[in-house]
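Worksheet: the structure to be examined is printed underneath.
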Amino acid sequence: AIDQYLAQSAGEIGLTLDRNEARGEGQATIAIATARATVLTDWLASLEGQGFVIDQLTITPAADGTVGLTAELRKGGQ
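Residue numbers (this note's numbering): 825 to 902.
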């Protein structure tokens, strides 16, 4: 399932999904409370390279230099 794939993919590079909800076939809403911006953007780019489409994305900077993220993703063709 898409939520399991996203959790595994994020975990492999040290990201923790604080929210990860499947939304129908091939769609998910995710949130990450804190991450390094470069790690996060590299992960999103790799997902796009694997056929994911980012329908909505909000990245919020934190005072400590990290960022938070909320996003809606879907597997291309869904």
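Even glycine gets a Cβ: it sits at the ideal position worked out from N, Cα and C.
Note that this is a predicted model, so its numbers are computed, not measured.
Self-check item: Cutoff 8 Å; reference A904; Cβ partners in own chain excluding five residues on either side
Solution: Absent from the model: residue 904. The displayed extent of the chain is 825 to 902, so no value can be given.
Exercise. Return the chain-ordered list of same chain residues with a C-beta closer than 8 Å to the C-beta of W867, the five sequence neighbours on each side being excluded.
Key: Taking the sequence shown and counting its residues from 1, one reaches residue 867 at position 43. Excluding the 5 residues flanking it on each side, W867 has same chain C-beta neighbours closer than 8 Å at S833, A834, I837, L839, in chain order.
Self-check item: Cβ-based neighbour list, P885, same chain, cut-off 6 Å, excluding 5 preceding and 5 following
Solution: Position 61 of the sequence shown, counted from the first residue, corresponds to residue 885. Counting only Cβ-Cβ distances below 6 Å, and skipping sequence neighbours, we find V891.
Self-check item: Length-filtered (3 minimum) beta strand (DSSP E) runs lying within the region 836-879
Solution: Complete beta strand (DSSP E) runs here, min 3: 843-846, 851-859.
Practice problem: May I ask which residues mark the beginning and end of the beta strand (DSSP E) holding T894? | Solution: For this step, residue 894 is matched to residue 70 along the sequence shown. Counting along the chain, the beta strand (DSSP E) containing T894 begins and ends at 891-899.
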